[in-house]
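Scroll down for the structure; my scribbles are underneath it.
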Amino acid sequence: MAKPKSAAFTRIRAEVIRLVGLIPEGKFTTYGSIAVHMNVVARHVATVMSHLTEEESAALPWHRVVSADARISPNMERKLAALQRSRLKAEGMKINREGYIQDTDDHFHVVGPRRDIRWSALKDS
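Take the sequence shown: its position 26, counting from 1, is numbered 26 in full-length UniProt numbering, and each next residue is one higher.
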């Protein structure tokens, strides 16, 4: 039986999904940039992104989140990486053979400054 998720993880998940939904077309950000803004580690963001439901995947611009070096993750399933590449290219980004986004300064989306949040200390509303 799967272990139930903590209240903190539930809040983190909701915030990652909210922030990904705010990334404008033609822009990208990184797992780490979202993580710094949220005061979590990039692995938390990656975990949320890798466990999106089909409905969330269809509704969110998940393809606009890449690794810290502005690269499509080389660890991603090949078919999914090809989909991410095609979606980013359709939004005007150039991607080299190794999966790196070119002209990053023109396309990088700044999520925001680090927030001073302790997710486990938040009270349920």
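Backbone N, C-alpha and C define an ideal beta-carbon position, used for all residues, glycine too.
- Leaving aside the five residues that flank R114 on each side, the residues in its chain whose CB is nearer than 7 Å to its CB run, in chain order, V36, H37, N39.
- Three or more beta-carbon pairs drawn from the segment 60-76 and the segment 11-20 are found closer than 8 Å, and the two stretches are therefore classed as touching.
- Within the DSSP bridge table, the entry for R71 names Y100 as partners.
- 8 Å or more divides the Cβ of V111 from the Cβ of T53.
- Cβ neighbours of M93 within its own chain (closer than 6 Å, five residues either side excluded): I101, H107.
- In the three-state scheme derived from DSSP, where H, G and I count as helix and E and B as strand, V48 is classed as helix.
- When the Cα atoms are used, K79 and A8 turn out to be separated by approximately 32 Å.
- The beta carbon of V41 sits closer than 7 Å to those of A35, all from its chain and outside the five residues before and after it, given in chain order.
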